[in-house]
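In what follows, a structure is listed as structure tokens, so that the remarks can point back to it.
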Amino acid sequence: MRAEHHYDDESLIALLESGDDFSRDPHLTSCASCSEVATTLRQIAGALKEEDVWDPRELDETPCTETMSALRGYADEMSREDTFAAAHLQTLLAGPRDAWMSNLHAHPEYRTAGMVRSLIAATDHAIDTMPPDAVAIISLATEIADHLPASAYSTDTVAKLRGAAWRERAFALFYVGSYTEAEEAICASERHFSDCAVNEWDLGRADIVHALVNRGLDRDADAIVVARTAADRLRDFGDTQRYVSAVTIQAQMRMKAFDYAGALNLMLPVEQELSDRLSADAHARLLSNIAICQRGVGDVDGAIQSSRSAIFLFETLNVPTEVVRARANVTTLLREAGRIAEAVEELHAVRAGFERLAMAFDAAIVDLVLAEIYLSEGKYDEVESLCHQLIEYFKNAGVPSGPRAMTALAFAAEAAQQRSLTPELVHHVQRYIRSLPSQPMLLFAPPPE
Amino acid sequence: MRLKTANVRRSADRVSERKVAVLEQNAIDAASNASRQASEKKPARPAATTPVIEPLIPNAQPTPADDVETLYLQHRSLLLYVACRKFRVPETDAENLIQEVFLSFLQTGTSIDKPRAWLVAAMCNASRHYWRASGRTESLPEDFNDHTDPDSHSLNDAFTMRMTVRQVLKYLQPRCRETLWLHYFEGRSAGDVARELQTTHRYAEKLIHNCLKRAREIYKTITTVNR
Numbered sequence: 001m002r003a004e005h006h007y008d009d010e011s012l013i014a015l016l017e018s019g020d021d022f023s024r025d026p027h028l029t030s031c032a033s034c035s036e037v038a039t040t041l042r043q044i045a046g047a048l049k050e051e052d053v054w055d056p057r058e059l060d061e062t063p064c065t066e067t068m069s070a071l072r073g074y075a076d077e078m079s080r081e082d083t084f085a086a087a088h089l090q091t092l093l094a095g096p097r098d099a100w101m102s103n104l105h106a107h108p109e110y111r112t113a114g115m116v117r118s119l120i121a122a123t124d125h126a127i128d129t130m131p132p133d134a135v136a137i138i139s140l141a142t143e144i145a146d147h148l149p150a151s152a153y154s155t156d157t158v159a160k161l162r163g164a165a166w167r168e169r170a171f172a173l174f175y176v177g178s179y180t181e182a183e184e185a186i187c188a189s190e191r192h193f194s195d196c197a198v199n200e201w202d203l204g205r206a207d208i209v210h211a212l213v214n215r216g217l218d219r220d221a222d223a224i225v226v227a228r229t230a231a232d233r234l235r236d237f238g239d240t241q242r243y244v245s246a247v248t249i250q251a252q253m254r255m256k257a258f259d260y261a262g263a264l265n266l267m268l269p270v271e272q273e274l275s276d277r278l279s280a281d282a283h284a285r286l287l288s289n290i291a292i293c294q295r296g297v298g299d300v301d302g303a304i305q306s307s308r309s310a311i312f313l314f315e316t317l318n319v320p321t322e323v324v325r326a327r328a329n330v331t332t333l334l335r336e337a338g339r340i341a342e343a344v345e346e347l348h349a350v351r352a353g354f355e356r357l358a359m360a361f362d363a364a365i366v367d368l369v370l371a372e373i374y375l376s377e378g379k380y381d382e383v384e385s386l387c388h389q390l391i392e393y394f395k396n397a398g399v400p401s402g403p404r405a406m407t408a409l410a411f412a413a414e415a416a417q418q419r420s421l422t423p424e425l426v427h428h429v430q431r432y433i434r435s436l437p438s439q440p441m442l443l444f445a446p447p448p449e
Numbered sequence: 001m002r003l004k005t006a007n008v009r010r011s012a013d014r015v016s017e018r019k020v021a022v023l024e025q026n027a028i029d030a031a032s033n034a035s036r037q038a039s040e041k042k043p044a045r046p047a048a049t050t051p052v053i054e055p056l057i058p059n060a061q062p063t064p065a066d067d068v069e070t071l072y073l074q075h076r077s078l079l080l081y082v083a084c085r086k087f088r089v090p091e092t093d094a095e096n097l098i099q100e101v102f103l104s105f106l107q108t109g110t111s112i113d114k115p116r117a118w119l120v121a122a123m124c125n126a127s128r129h130y131w132r133a134s135g136r137t138e139s140l141p142e143d144f145n146d147h148t149d150p151d152s153h154s155l156n157d158a159f160t161m162r163m164t165v166r167q168v169l170k171y172l173q174p175r176c177r178e179t180l181w182l183h184y185f186e187g188r189s190a191g192d193v194a195r196e197l198q199t200t201h202r203y204a205e206k207l208i209h210n211c212l213k214r215a216r217e218i219y220k221t222i223t224t225v226n227r
């Protein structure tokens, strides 16, 4: 066994002085202890170049009691307002959403900063359950914020609240597809934040919404620029989750333009550097996007690996629909990589998954993919048997357009029996069944001869 | 070009060799620990033999006011350093900016993963705003508008390192400090350092290496104590 030779300090300093890139040194890339010493030496040398390090003046280390008292007072006031708002939020949002603004007019005492904060939090929840409610709730927040007297609160409190309320309003409007109104709202948010002394984090968050709105308005170049600004701002503040969102928007814009290599260049470094700091959900979605891009640049094996990592994360999150969909994508990749046996094995598992989730059409598509593989191997009997199984499945599934799907499948089964089934015919049936959920009245017609 | 005045050099030379008993970073940690212990302290309860009615007050849970005070005590020194040393904000105004930063922190309305990183970035933001608002742009550092540090990708790590290295310098012999000042701050070559210190090129090289090595040893001692 070969003894490991570590660098001494002298050698590392010589390496530092030579200006060589540490990351290219084979030992430093593999030895954690030497790498740590080298990094510290470089950081110390870097700090020694800074003027403030040499400044002999001492700063007063004593905490300021006035500041502490002001902060305590502000935090206590916020708590009081938030408690009051939490107690009255239900009254404000009582009845149908058309009545909420009248409720507010009837209760001028609800017009507080605390109520704006509570409404913003309520919007966040409503976006996932009832988006039009979210728009109505956040309209109340902007109405209150816009009429709050700035003098009643300290420094930038009201400007920040207005900015936050208008940003959330922009997002809610974006979510329901009102892009033009969303753009007006996000511009209002940015105007409010622009006057604040500490505003870059808030502006970074507004940039994300602005990038999404630009994307919705097909202003792709603007979306990339704004998302890049968002990423810079949010990274400074150590806001990893939102930073990754900003990078993902940039990447998605590149993917939209089929620039998969460019998108990968954005996402791969983020995944490598920040994977341990990302939430499982954000990490899984990032990996799924990476897999799409890897496939786009022809790195099918890489795409399979990324997809499998995403699947693992979706499993830990217990999101079965995402797990099965991601596994279905893997089967496509395996087929592209020529790993047919693995693909078939995976397809059976995916089919079972869709069936468990009562996703009849998705299960049928998987069977038709299997049929295509069997057909390429000349296994007509297996194809015919699969079609009959699918017909039985649709008979029992009770989906409205099931009979139409059964007609198409019977056609495929008959063609298999007559040995006239071709991959094109299977594709045709696949395409038809895929379109049924959105066009349930569509009749099946065999392809033209 | 970075501002490098003779005044800075003279000041650096005047730094005494005294041992600093409690270092800046230690003080931050000590303050934070004391505060944390205070907020985690639970009210003493006598052993009960008969059913006891739960007291309504005091509440053992730290309030938002406790939390913000703890954060203030933990990070004030670093934020003051950022404002006064990087952005040259007068110390008298820096405290107001720190208050502004903490008020903004309270208003985020969401949980912040890395409060120190957030606060340092906010302090840079507030300092830049301070100078813009007063219409002054001269005599400011050339990296005034820089955002993420390209080497460390973390402003707060870079400032913490600079605060610690500042402490390291206090422990070094004057000759070592001068060598590091000449080579790293002034960017002089080993040959230049040799001429300045009236010694040989080879010895100057050795001196640069030894002084940096010594600086790392002191740095390690300081940070190990902190951990």
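Chains as they are written, first to last, in the working numbering: chain S, 1 to 449; chain U, 1 to 227.
Beta carbons: idealized from backbone N, C-alpha and C, even for Gly.
The straight-line gap separating the alpha-carbon atoms of residue 280/S and residue 102/S is approximately 42 angstroms. Excluding its 5 nearest sequence neighbours in each direction, residue 156/S has C-beta neighbours in its own chain below 7 angstroms: 196, 197, listed in chain order.
Nearest to residue 11/S by C-alpha distance, out of 222/U, 210/U, 221/U, is 210/U. Taken atom to atom, the span from the alpha-carbon of residue 6/S to that of residue 206/S is near 49 angstroms.
Distance from the Cα of residue 86/U is smallest, within the candidate group 131/U, 64/U, 104/U, for 131/U.
Under the Cβ criterion of 8 angstroms, residue 63/S is counted among the residues facing chain U.
With three or more CB-CB distances shorter than 8 angstroms, the region 68-78 of chain S counts as touching the region 60-68 of chain U.
Per the C-alpha coordinates, the member of 374/S, 427/S, 305/S positioned closest to residue 383/S is 374/S.
For residue 427/S, the uninterrupted alpha helix (DSSP H) segment begins and ends at 423-435. DSSP, reduced to helix, strand and coil, places residue 117/S within a helical segment of the structure shown. In the structure shown, residue 410/S falls within a helical segment according to DSSP collapsed to helix, strand and coil.
Within the region 209-222 of chain U, contact with chain S at the beta-carbon level (separation under 8 angstroms) is assigned to 209, 212, 213, 215, 216, 219, 220.
Only residues of its own chain outside the window of five on either side were considered, and among them 444 have a CB closer than 6 angstroms to the CB of residue 407/S, listed in chain order. For residue 353/S, the uninterrupted alpha helix (DSSP H) segment begins and ends at 340-356.
In the structure shown, residue 445/S adopts coil according to DSSP, grouped into three states. Shown here, residue 98/U sits in a helix according to DSSP, grouped into three states. For residue 199/S, there is no enclosing alpha helix (DSSP H), since its DSSP letter is neither H nor E. Nearest to residue 213/S by alpha-carbon distance, out of 47/S, 321/S, 249/S, 362/S, is 249/S. Cβ contact annotation for residue 321/S (same chain, cutoff 7 angstroms, sequence separation greater than five): 357, in chain order. Taking the Cα positions, residue 81/S is about 22 angstroms away from residue 167/S. Residue contact with chain S for residue 77/U: present (Cβ-Cβ distance below 8 angstroms to some residue of chain S).
The beta carbon of residue 255/S sits no closer than 8 angstroms to any beta carbon of chain U.
Sixteen is the threshold: when 16 or more other Cβ atoms of the shown chains lie within 10 Å of the Cβ of residue 164/U, as they do, the residue is buried. In the structure shown, the three-state DSSP call for residue 31/S is coil. By the neighbour-count criterion, in which a residue is buried when 16 or more other Cβ atoms sit within 10 angstroms of its Cβ, residue 414/S is exposed. Per DSSP, residue 130/U is one residue of the alpha helix (DSSP H) stretching across 115-133. Between residue 93/S and residue 100/S, the gap from beta carbon to beta carbon is short of 8 angstroms. The DSSP-derived three-state label of residue 257/S is coil.
In this model, residue 103/U and residue 97/U are separated by some 10 angstroms (Cα to Cα). Residues of the region 260-283 of chain S with a C-beta less than 7 angstroms from any C-beta of chain U: none at all.
When 172/S, 185/S, 179/S are compared, the shortest CA-CA separation from residue 146/S is found for 185/S. Counted as a single uninterrupted DSSP element, the alpha helix (DSSP H) harbouring residue 11/S occupies residues 9-18.
Counting the other Cβ atoms within 10 Å of the Cβ of residue 256/S gives fewer than 16, which makes it exposed.
For residue 9/S, the chain U residues whose Cβ falls inside 9 angstroms of its Cβ are 209, 212, 213, 216, 217, in order along the chain.
With respect to residue 134/S, residue 175/S sits close: the two C-beta atoms are nearer than 8 angstroms. Counting C-beta pairs closer than 8 angstroms gives fewer than three between the region 121-128 of chain U and the region 170-188 of chain U, which falls short of the contact rule.
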